[in-house]
Structure formats: structure tokens, C-alpha cells
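Residue numbers (UniProt numbering), protein chains in the order written: chain Y, 1 to 384; chain W, 1 to 384; chain V, 1 to 384; chain R, 1 to 384. Think of the CB as a built atom: it goes at the ideal place given N, C-alpha and C, for glycine as much as any other residue.
Number of protein chains: 4
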Amino acid sequence: MVISTIGRRIRLGLIGGGPGSIIGETHRIAARLDGQYDIVAAALSSNPERARQAALDLGIDGERAYASWQQMLEAEAARADRIDAVAVMTPNDSHHAICMLALDLGFHVICDKPLANDLAQAREIAARAKAADAEFCVTYCYTGFPMVRQARDMVRAGALGEIRQVHLQYVQSYLAPHDLPAGWRTEAGRAGSSLVLMDIGTHAFHLGAFVTGLDVASLCADVGSAIPGRAVDDYVSALLRYENGARGSLWVTNAAAGSEHGLSFRIHGDKGGLEWHQEEPNRLIHRRQDAFEEIITRRLGPSTSEGAQRSTRIAIGHPEGYLEAFANLYTEFAQRVAGRIGGKPGDDRPTLFPGVSDGVKGLAFVAASVKSMATGGWQDVERA
Amino acid sequence: MVISTIGRRIRLGLIGGGPGSIIGETHRIAARLDGQYDIVAAALSSNPERARQAALDLGIDGERAYASWQQMLEAEAARADRIDAVAVMTPNDSHHAICMLALDLGFHVICDKPLANDLAQAREIAARAKAADAEFCVTYCYTGFPMVRQARDMVRAGALGEIRQVHLQYVQSYLAPHDLPAGWRTEAGRAGSSLVLMDIGTHAFHLGAFVTGLDVASLCADVGSAIPGRAVDDYVSALLRYENGARGSLWVTNAAAGSEHGLSFRIHGDKGGLEWHQEEPNRLIHRRQDAFEEIITRRLGPSTSEGAQRSTRIAIGHPEGYLEAFANLYTEFAQRVAGRIGGKPGDDRPTLFPGVSDGVKGLAFVAASVKSMATGGWQDVERA
Amino acid sequence: MVISTIGRRIRLGLIGGGPGSIIGETHRIAARLDGQYDIVAAALSSNPERARQAALDLGIDGERAYASWQQMLEAEAARADRIDAVAVMTPNDSHHAICMLALDLGFHVICDKPLANDLAQAREIAARAKAADAEFCVTYCYTGFPMVRQARDMVRAGALGEIRQVHLQYVQSYLAPHDLPAGWRTEAGRAGSSLVLMDIGTHAFHLGAFVTGLDVASLCADVGSAIPGRAVDDYVSALLRYENGARGSLWVTNAAAGSEHGLSFRIHGDKGGLEWHQEEPNRLIHRRQDAFEEIITRRLGPSTSEGAQRSTRIAIGHPEGYLEAFANLYTEFAQRVAGRIGGKPGDDRPTLFPGVSDGVKGLAFVAASVKSMATGGWQDVERA
Amino acid sequence: MVISTIGRRIRLGLIGGGPGSIIGETHRIAARLDGQYDIVAAALSSNPERARQAALDLGIDGERAYASWQQMLEAEAARADRIDAVAVMTPNDSHHAICMLALDLGFHVICDKPLANDLAQAREIAARAKAADAEFCVTYCYTGFPMVRQARDMVRAGALGEIRQVHLQYVQSYLAPHDLPAGWRTEAGRAGSSLVLMDIGTHAFHLGAFVTGLDVASLCADVGSAIPGRAVDDYVSALLRYENGARGSLWVTNAAAGSEHGLSFRIHGDKGGLEWHQEEPNRLIHRRQDAFEEIITRRLGPSTSEGAQRSTRIAIGHPEGYLEAFANLYTEFAQRVAGRIGGKPGDDRPTLFPGVSDGVKGLAFVAASVKSMATGGWQDVERA
């Protein structure tokens, strides 16, 4: 689609995600999957030599296999065939500097979540993105699943009635062993004020907002460590009040021994409820007060919503997964960027990928949770 | 078993649970299922005529078809073939008076939950039961499921390691319609201080304690109504701290449109976790940090725990359900009573049915939750 | 209900099912559960002493604790308070003699499946039952589940359109170990011509007929042993043609290592399909060609069928299981017998429990399967 | 990996799969996903103009956007930068001609299933591939799922003991409506002798062989139409005998109203069994005779097999689906081709993608099934 609009693919530069990085390969697959991008430049590591070699191993031309992100952004800004966009998948504490420069130099940006290391940084990035009139995607990737978008569309269409109750979970186990794994996440300060909140709490929080279309007004959180004697937070449970008066709760941890992924939502309105689990992403459970439960899938006969359909490549019971969800963000972003390049929108449907203001809201959630824990009571969540 | 011990069945008198009462038929099935009881007396309604007719319809002899519970307790106390025990399934606000008199007259007691209408009443009953040296069962019936007992036994045997996280849910829908159903539950004061807490919150709370063997030390609760403008509470979500430092949370509501039963627990310790859902009660999910997830069932080959085995009538994949779980409480209670009658215990295994102190703890949970809601912060839970 | 019709419970005598018998306790629980029977007589074992002692242990009066079934049937026939019905749960090879005498002496009969040891015997029993104008139930117990009856009602109401495809499974493991268990089932001739066909094949076969309302016209079967060198059959797979032209298949085995119960059906018609698994009996999967899949349960809001409703004791998500399904046959049988005693039907709704002709059809299935295996091709199934 | 071995990506030419083709986009995503291929040439339609335009829309250079497959194969054979391999996704009746010419011209081949329109054609292709010493992949794509490969590895490692029972299903609904969809599949002869056998029967059949490592020696099949009056086959059920004496059965249909995909296997050996459903592909159910059921997933802690690990991109509970499974075939094929180009194997592990002899076996299954239906009895399956 991008090719038929502007005659070429979107040119993408990668920052971070070098050898051994799971999130790096995830971003690259997401960029390749629908054939909307050419990955033509990269600065894949903070180590200059590893950065260049890794880029060559990906098949990138030698002159665009950069030693650092600063070098890449400046060199690309000067090229006639300069990249259109950068994708940022470095540790959290570098997002701010990278995004600010990329925006200054006129690039569109895909940035991994969380947007920045604190709320103030996040707000600066948002202001700069607005000033630069750039396309900006924060990869809250779970919103790319067709059934999550189906849920959002159903809520908007009133299928549940007024939203009354929201329950969010993200229950992982990678911090369940007593010995913390090495890496930047567990180094002091590099993952922001609270590991669990920054790392996966923001995913669960955004998922609730994405599906319901509602922001959280206030919350009361219990944040800390499930494993005694540990310096990093691995547990948060919170009571939530949404802006419309709906009540909610959230249980997020990286330290539940034996768990795998465990991201899920369960939302109830006046007429019924929806439940979704990331580990079985192609089934959306629709509980109805006046009819039997139905299982919504990406099938042929009955219609799924517009948002689900545009996020589906192949139906009739062939499962799509996490990589396709991630690619849905990338592909829609490519279409938006192509619209900018071609002087007209590639797509006049509402944008579904999370934007920079969603990134700011994630940091506001983190800040309110930390404050609630300190005071032992309810705290308002600041608006983006 | 009771017959071979004392040469006859336990003689049971029923209080409450007349025509149209679901819980009444549940208690009666539980008493009949294993053939341990003769139901020989009843006061089934607060309406004298309906009480007598309903008893006759059950096949009870005319002279023991009583017009009121007071009449029944006094008349039975005077008989040579007096009943051994009473089963109380009246509205909450009458439990205290009935139990106190029954204990005074020397009967053993099975009382539906919650034990009483407030914590003070509950403590009085507990003190009287102790003074009377009576057998006393509070029908937190979900503890009768074999897989719940399996979970408890696994926790005690250390299969999960130290307990770190507890999450409890009970998500029903019978109060989801805006118009409240008629009945004593929704009449002011008759269901105690908070409908949702008394009605189903105590079940979820006890389930967590039963399986973990831990009490909640403090909590922070959000109690109220999910349906605006309603006088009764239909929603509670709470943050929990257990006595060993474990963290927990709880989501309980009668007003989640489209839900059915939704009682579940998910508990994680150092080594793994257990998850159970009442709607599929014969499967216990055991997540293990160092092995694949296993599904524990009441099957032939591998061994379930002693608690699961004594709660199972038929294995090899034949499902048992709610009525069998309820009957497990009744049958074990019969064995205890037979032990009293025969002068020796019918069973020297630890008692698994919930006792009067569990009933007191339920009311302490209600009291702490109501207080937390009033103050907006954490509250200690009083000990039984 | 029986009491209000005829002023007393149905008087039942038991034959077989003594100490250690799982099926014996199952029949007794089924008789007790709804309070429709008094178990007043029993001949529980082929060993006279064990028979009498076991009856006493059940609380049966000494004079009706019989040493043999012949003794019981004759003595009861002479009593003024004679039993109304007998329940037969002896090994297959004794069903014919017991049923014939019971019918001759004017008793109504509940007989465990299979009805007899071969088709000729089964036809004799059926003829005698007709001549005696007796109520007769064959305990194909899985037809007692509410969701099985819901499926039958949906098919009859046309919810699936014309039935086109039927697939039946019953996949157990108790014969998976190489060493056969001791007992009458594995003694030559006592379980009829083929263990797997008689023991569980007839259950699966009847289930298909019960739900679809269709008989199998012809079949092609592969019968034998999955475990090499074994004298008894533990495996059958068959191709089926129903009388309306629908195609079907069946996989039944007692020797699939690691399985539990595994009885299921999946049936498709012009408009959709139904799938049910005995191990999760309270969920009926309804696949629809023009709508999303729905999960039918015994819930409050939407209506289940008449057959499901009359088979349900407690809804709102409280699971009922195998024992309740078994009890549904007993309770309906009691109502029919009460109708005979009282001179008018206790219930004018269609009978749902399997009758003597269903028992005959089961043996016709066995005969056709054995013949198909011998010839290596298709065989007609004889009609009842 | 291919780049680091031979310094460039594999050059791929596409035949078929033009606009509107689901399978075409599936092949292209599979080629793009891991970045192992450059798609540099295409003949996407039998209509010359559509063929060229579709190639341009994919971003292929004008001179390699071919009007026909003959033109492409001949032109590419003459280029210095000729394609290394072709991917064939045309209707079944053209596979033979295309594959024969491609092999003659020295290209490696990826061919969609079934390999050809009949067994004789398939054998000719196999002989030609052997003569050409070409890499050849037949896209029985479901073998690319990590949990399918896990199952195969477990069987080989003896985890189930000797294989005793196999049950295969593929239950779709796209032919459930009475009006057949237009397209080559329903045109006489174009899909081979039997639509259901060629279209999806071969998938199920190969899946059984892939996992068990066993071929079917003989079978007895019921092939026809579930929908009366239809000219094409939409139903097959078969009894199977494997070469080791194991028994099996198969139920495959495109006409089960309301179904989605429904491909599954359930396999039992002496020690336990495995069950897998394509619609939930990341869970492998392992039933064990001497332990509880376990659920095998692509998780971090316990080890999956080598075959599962090499087929997994991202674990810890992030689902991968059909497109990743398809890509696993493509990526392994690329590594094999790179080994040929580089003069040494890119990978010395056993090949997992299905080869040309698997394609031949699929047509032998079709032939035996059709013959069995004609004779009404058992037929041997010819060897590849």
C-alpha cells in the first residue's frame, strides 16, 4: 500500500536492539512483516564496533552501519535519501535524549515503552513532537491485537453499555527467582522509579485506557517487592477510579513463580463484559446479561469490527500472535508517514497506534502509584 | 460409616430453607447425598402454616413438622429421640438468636454463612459454642471441593514454597440489573452492614485463608456500588497484607453484567502457583517455576492429597460439583457428631469443615473493609 | 414431588453393587439425592454373608437384608409393603436372569448398561418388559446431564438444521497398563462378546442417538486391542451412516495411556454444530455458521431448554456433575413409577430416561461391530 | 544467518498468489519475516497484465515483473543474478508443469501442497527433483509450529513409549453453505480427484506421519459429500493402520457448519498421549499415565526440544501463530539453499521442512482413499 502511494517503502533507521536483544528482533520482524519498510540504517549498540558489525550482519550497507545513534541521526539528516523515521529500542534512560534529537532533525519516531524515565521527560518529548509536527508511536504493542481492537470498537459502539468495572492483570515470573538477572533493568535508576511499574505496569494501564476509552482519575496502590529483601519493585496492586466513576483494579507483577505472560483484561458495563488473555489472543470472551456467552474470533461469517479487520492478515482460524500485533503498529505508522511524504493521508481512518500522549499518561500512572505508596492512600493521576 | 459407628444415622432438624429457597434444597441434598442423616424435624418458614406444610411435603412426620424454630428447638430438646443437630439457613439477621438457643439446648449446629450480622454477634456465638462444647460448622461450602483441599494440602506440604501473592475473585451478576430483586438481602439491615461483603465477600476471603493457612493482617478496601444510585453495596476491591508479609488483592462483586459465578483464587509462592475456578472445579492449575504447568485432577494414577481423596466419591474423570462439595461439609460434620455420640471420634483426621472461628473471621473482614472505606486507607483486621 | 402425589417415597430394592463397588455407591447416591426413594431392601453380593452384612451397614432392616437376589425378589413379592422397583447393578452376564424374574414378579426395573450379554437376551427382556407393562430404565447415565438434554432439545427444535455429521469419542485409560486388572470384566465371556464395545462403546453409541434422535443404519468398524497380545478388546473405531444419510465416526477405547474419561460428542447440521465433553459437562459449545460461537450454560438470564431446566437443581454457575446426571434418571423414573402407583402420571412431559429399547439398540450396535470386524466391511445395524 | 554465510539474502521468484490470494500473501510474509530472502522476481497471475502490475505493486523491478511463469523461469535462468529458488502457489493442476521446468532449469523449489494433481505426477516430480539434486519443500505448513515439532521430538525420544493410537481431525466450514464458492477448487478436475482429500486431507494425513514418524500401511475410508447433491467431496472419515500396527482414525471435512479451522491431533503410546489444536498452537497437552497432565509451552524455565527451540522467535508467553509456522519452513529452506550456494551446509541439524517424498505420500493417501471408497473396504497405501 505504501508503495502504491509514494512509489517506495518507508526508509527506517534502527537505534538499539543489537545482538541478543529480544525486543530488537521483535521490532525488525514487525518492520519486515508487511513489506512496508526498508531498514536502511542502524545504530544497534552503545558499543561502536558491535553496533557496526551487527548492522552489517543485518545486510545494511556499510556506510549506513553507524557506530552511534548521534552519528546516525546527524549523518542521515544530511542525506538526500535520508531515512523517514527512526525506531528507538534502547534502555529507558536514553529515550529522552534520542527522541529529542530525532524530532529536532525532522524524523518521525517509533519509541519503545515507557516513553521516558519520568513524567517531566515524557512531557518534554510530547511538546517537542507537537512542535515538530511529527508522527510518533509508543509501542504499547498489545493494543495491536485484533481482538483488543475489537474490544475497543465494541465498547465505543455501546455493546457493553456504560463501563462500570475494569480489572487488569499482568502476571509474569522472570523476577521470581531470588537472584535478580543482570541487565540495565535492575541497575539503579536505569529503569526509572519503579521497575514493575515502568516495565509492565504501563502496558496493563494503557490497555485498560485503550479498550475503555477512559482515563484513570485516581488510584490507591500497593507497590513493592514480593520477594523479601530485594531493592527493585516487582509487585503492584492498585485500586482505580476512572473518570466516569467506574471502579477498577490492577494486579501486575514480574515475580509470580511459574507464570508465563498473564496480561489480561476483564471489563464490565451495564449490559455485559469482555475478557481477553494475551496468551490466547484470538479469542475475545463476550459475556452478555441477556444472552449466552459468545466467543468472538477473527472468522469469516459474522463480522468483526473495522479495527479488528484492518489488523487481521489471515482469518478462518489461523492464529496470529504477538509479532503480528507488533507489526500492526508498524504498518499503520508506515501508512501515516507515507501520507506525510505523499502530501495526503495514506489512510483517513482513525489512528489506532498509541501516540506520544499515551506515553505521557503511562509516566503519570507511575508517578501517582509511587506517590500513593508513599502516602498510603488515594492519589489523583495527572493528566497528559 | 456413621451407621457402623453408632448404629443409626444422625438425626437432623432444619431451620429455614422452605419452598422456593435454593439454599434450602442445597442443604437438604447435602444431608441426603451420603446417607449419613435422617432429616426428622423441620421449621422451614417464618410463616407457621407454610412451615408445617413444607415439612410434611418433605415426608417429615406431622408431630415434628414445626411451626417455628423456637417451637422445634424446645420440643426436640424434650424428646428421647431428640435431634442431634440443627442446620440453620435463615436470613442473616436471625442466625444469632437461633444459634444461641440451639447451643443452649445442647444441639450441634450447622449454620449458613455469614455466621451473624456483625462481629459482636459472631463473637458471642463463638463463645457460646465453646462453652457448650458443641460441633459447629459454618458452610463456607466452596472449601468442600476436592481440588480446593488439594490446594490447601499442597501449600501445607510446601509445594509452592513460602506464599508471596494471593489474588481472589468472586464476580457474579445477579445484581447487575438496575432494579434490585426483592428479598431480605436488599432490605435495610437484614444482610448486615454491606451486602456484597456479607453475601459473597466472606466466601472469597475465607477461601484465601483456607488454602494458604494464613490470615489477613490488614487491608485497604474500595467498597460501594458499581451501579450508580443504589443503596446496597455490590462491589468491593481490596488490597491485602497477610500475616506472613504476603501481598494480596480481591475483586468481589454481584453486579458484573453477564458473569455467572466467577469464584476463583490464584496463589503464588516461591516455587510456583495454583489457580482454581469454581465453575470448573475438578481442575487445579499448578504452575511451576522449574517445570511445565500441570493440571491436577481427581484421577486414578498419580496421587492427590489426603484431603482431596477423602472428598472424592468417584474419580476417573467423572465430574463432581457444588452439591458434592456442600455434602462434604455435611458428611464430615456427621462423622464428628457420631464421634461425640459414640464416645470416640468417628475420624481422627484433622477436621476440614470451617468452624465457628472461621465465621468470626469473616465478620472481622467485613468490619475492617467498612472501616477502611470510611477512612480511605489501610485498616488492621481484628483477630477471631 | 413423589410424596405429594402418593403420600410416600418409592420403595427400592438393590441388586448388586456391594462393598467396594463404585457403580453400587453411584446408584445409591442417585437414589438418595432428590429424596424420592426409600432404599428398603437389598441383595448386594453373590456371597450370601457379604450380601447381608453390606445391607445392614447401609441401615437396611435385618429382615430385608437378603442373601441373594432370588430370595429378595420372591420375599418382596409376598410382602404387603413390597418394593416398587429393583435396581440391577450386577455383572453383565446376570442381567438377563434377574430382569426376567423381576418383571415376572411385577417389579419396575432400573438396569445398568449394557442391558444384557447379547442381542437375543436383550430382545427377550424387552419383550417381557412390554408384556409386564413395566417401567424400565437402562442407565446410559450420561444422557442425564442438563447440557446433553439441551443439545437434544436444540436438535429437535431445528437449531442445527438437518444433521449431517456426527463424531463420538470415549477415550479412557484404565486398560492402558499391559497387565489387565482382575475382575469379571476381563474374565472370558462375562462382559459379552467385546469388552470395549459392551463397557463404554454402548454409552458413546447411545449418546449419539439420544442427541440426534437418529439411529445408525450401517457401520464399518475396526475392533481389537491397542495393546498387543491381549485377549480382550480395548479399541474400536467405526465409520457410521445414520438413517437420514448423515455420516459419522466413533473412537472408543479403554487403553489410551494418560487419558481420564474423554466421553464427548461433536455434531454438525446445516446451520451449526454442538460439542460437549463429559469432563466439563456444564458447557455446551454451540458453533454457528452465521454468528459467533456461543457457550450454553445452566444460567439465569437466557433460557435453556425444557429438558435442561428439569435436569438442573442449582444454576448461576454452580457446577453439577456425574452423580446429579445419574440422579436425574432415578428421579424421573420415580415420578413415572409414582404415576403408576397413583393411577395417573406424575408427569406428563416426555420421558427422557433411556428405556429398554435403547438397551436393545446398544446390543445391536455391538453385534454389527463384531460382524463388521469379521468381514472387513460395512454391516447393517439391526433395529430394536 | 544466511547473510553471514553467503554475504547476501536468498533471491526468490514467486509463481502465483496474485491480488486477492490469501495463500500468496502468506508465502510472501513467510519469506519476509526472518529477513532471509529478497523477493526479486514474480509471475503472479495467469493473466499477463495482472501478473505484471501485481509484481510492480510489490516493489519488484519492472524487468523482473513477468507476464507468465514460463517467461520468468527462462529469463531468470539466463541472468547472472538469477533467482536461487522459486515458490509455487498456483492451482494444483499446474504444479507438475511448473515444478518440472523449474527443476530442469536448476532452481530450488518451494511448492504449495498438494504436490501435484495425482500420484503419477507427484512421482515424476520427485524423480526429477532427485535427478536435479535440488532442495524441495512442500508447504505442509502446520509442521512448522513449535509445539508440533516438540511433539515429534518427544515421540522420537520415547516420551510416549510405542505409539498405539492416532486420531486426526481437520474440521472446517467454508463449504458448509449449500452454494459452492466459485474458484478453481470447485471446477471439475482442477483440484484433483477429491477436493477434501487434496485440499485439507493431505495436511491432516501428513501431520500424523510427521509427529509419529510412522507411515500408514492401509486404510478404509468413507469419502463423499456431507451436503446432499453436491458434485465435490467435502467429507472423509477413515480408519487407519500404521506400519507398526498402531491403529488410527481421521475426520476431515470442509463442510461442518460453524467450525473454524479445527486441525488437531491426539496420539497415544504406551506411556501417555499428546494432543494439539492448531487454533491454540502454543499449548501441547501431554497426558501421562503415571503423572498429572502437563501443558507444554514455549517458556523459559523447563526445556522444550531442539525442534521447538529452533522454531521459536520469542517465548515467555508471547504467542506465535500460523505465519510464523509458515515462515519456519521458509527460513530453514533458505538455510539449506545457502548451504548449497556456499558449498557447505548452513545448518547440520536434521531438516524439518517437508520434502518432495512427503508430497508423494500425500497423493498416495488420496489414491488409496478414493480406491477404498470405491471398493467399500480396506486398501493398502502405496509407498513413496
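Using 8 angstroms for Cβ pairs, my map puts residue i next to residue j. What's the rounded Cβ distance?
{"i": "Ala122 of chain V", "j": "Ala131 of chain V", "result": "Going by Cβ atoms, the distance from Ala122 of chain V to Ala131 of chain V rounds to 15 angstroms, so no, they are not a contact pair."}
{"i": "Arg190 of chain Y", "j": "Val216 of chain Y", "result": "Wrong, their Cβ atoms sit about 26 angstroms apart, outside the cutoff."}
{"i": "Gly317 of chain V", "j": "Glu280 of chain W", "result": "So it is not a contact: roughly 10 angstroms between Cβ atoms."}
{"i": "Leu323 of chain W", "j": "Phe353 of chain W", "result": "Not a contact, Cβ separation roughly 16 angstroms."}
Considering only DSSP beta bridges, list what residue i is partnered with.
{"i": "His277 of chain W", "result": "W:Ser264"}
{"i": "Asp133 of chain Y", "result": "None, per the DSSP bridge assignment."}
{"i": "Ser237 of chain V", "result": "V:Asp222 and V:Trp251"}
{"i": "Val109 of chain V", "result": "V:Val86 and V:Phe136"}
{"i": "Gln289 of chain V", "result": "BP columns for Gln289 of chain V are empty, so no partner."}
{"i": "Gln379 of chain W", "result": "W:Leu219"}
{"i": "residue 392 of chain Y", "result": "Missing from the structure shown is residue 392 of chain Y; chain Y here goes from 1 to 384 and no further."}
{"i": "Asp38 of chain Y", "result": "Y:Arg11"}
{"i": "Ala43 of chain Y", "result": "Y:Ile15"}
{"i": "Ala65 of chain R", "result": "R:Ala42"}
{"i": "Tyr242 of chain W", "result": "W:Val216"}
{"i": "Gly269 of chain R", "result": "R:Ile163"}
Considering just the uninterrupted stretch of the beta strand (DSSP E) at residue i, what are its terminal residues?
{"i": "Tyr170 of chain V", "result": "Ile163 to Val171"}
{"i": "His27 of chain R", "result": "Looking at the DSSP string, His27 of chain R is not in any beta strand (DSSP E); the run it does join, the alpha helix (DSSP H), is Ile22 to Leu33."}
{"i": "Leu363 of chain R", "result": "Unbroken run through Leu363 of chain R is the alpha helix (DSSP H), Val356 to Thr375; no beta strand (DSSP E)."}
{"i": "Arg52 of chain R", "result": "Premise fails: Arg52 of chain R lies in the alpha helix (DSSP H), Pro48 to Asp57, not in any beta strand (DSSP E)."}
{"i": "Val155 of chain R", "result": "From DSSP, Val155 of chain R is part of no beta strand (DSSP E) but of the alpha helix (DSSP H) over Pro146 to Arg156."}
{"i": "Gly13 of chain V", "result": "Ile10 to Ile15"}
Answer yes or no: do residue i and residue j have a C-beta to C-beta separation smaller than 9 angstroms?
{"i": "Thr253 of chain Y", "j": "Asp222 of chain Y", "result": "no"}
{"i": "residue 455 of chain V", "j": "Ala41 of chain V", "result": "Missing from the structure shown is residue 455 of chain V; chain V here goes from 1 to 384 and no further."}
{"i": "Thr212 of chain V", "j": "Val166 of chain V", "result": "yes"}
{"i": "Glu294 of chain W", "j": "Glu275 of chain R", "result": "no"}
{"i": "Pro146 of chain V", "j": "Ser264 of chain V", "result": "no"}
{"i": "Arg8 of chain W", "j": "Gly35 of chain W", "result": "no"}
{"i": "Gly208 of chain W", "j": "Pro114 of chain W", "result": "no"}
{"i": "Thr26 of chain V", "j": "Ala338 of chain V", "result": "no"}
{"i": "Ala325 of chain V", "j": "Thr202 of chain V", "result": "no"}
{"i": "Met89 of chain W", "j": "Leu12 of chain W", "result": "no"}
{"i": "Ser46 of chain Y", "j": "Leu219 of chain Y", "result": "no"}
{"i": "Lys271 of chain V", "j": "Arg288 of chain V", "result": "yes"}
{"i": "Ala255 of chain V", "j": "Gln172 of chain V", "result": "yes"}
Could you tell me the boundaries of the alpha helix (DSSP H) in which residue i lies?
{"i": "Ile3 of chain Y", "result": "Val2 to Ile6"}
{"i": "Arg340 of chain Y", "result": "Tyr322 to Gly342"}
{"i": "His95 of chain W", "result": "His95 to Asp104"}
Positions along the stretch 274-296 of chain W whose CB lies within less than 7 angstroms of some CB in chain R: Gln289, Asp290, Ala291, Phe292, Glu293, Glu294, Ile295 and Ile296
Interface positions of the stretch 315-333 of chain V facing chain W (Cβ-Cβ less than 7 angstroms), listed along the chain: Ile316, Gly317, His318, Pro319, Glu320, Gly321, Tyr322, Leu323 and Glu324
Against chain V: residues of the stretch 146-170 of chain R by CB proximity under 7 angstroms: Arg164, Gln165 and His167
Positions along the stretch 24-50 of chain V whose CB lies within less than 8 angstroms of some CB in chain W: Glu25, Thr26, Arg28, Ile29, Arg32, Leu33, Asp34 and Gly35
The stretch 209-228 of chain R: positions lying closer than 9 angstroms to chain V by Cβ: Cys220, Ala221, Asp222, Gly224, Ala226, Ile227 and Pro228
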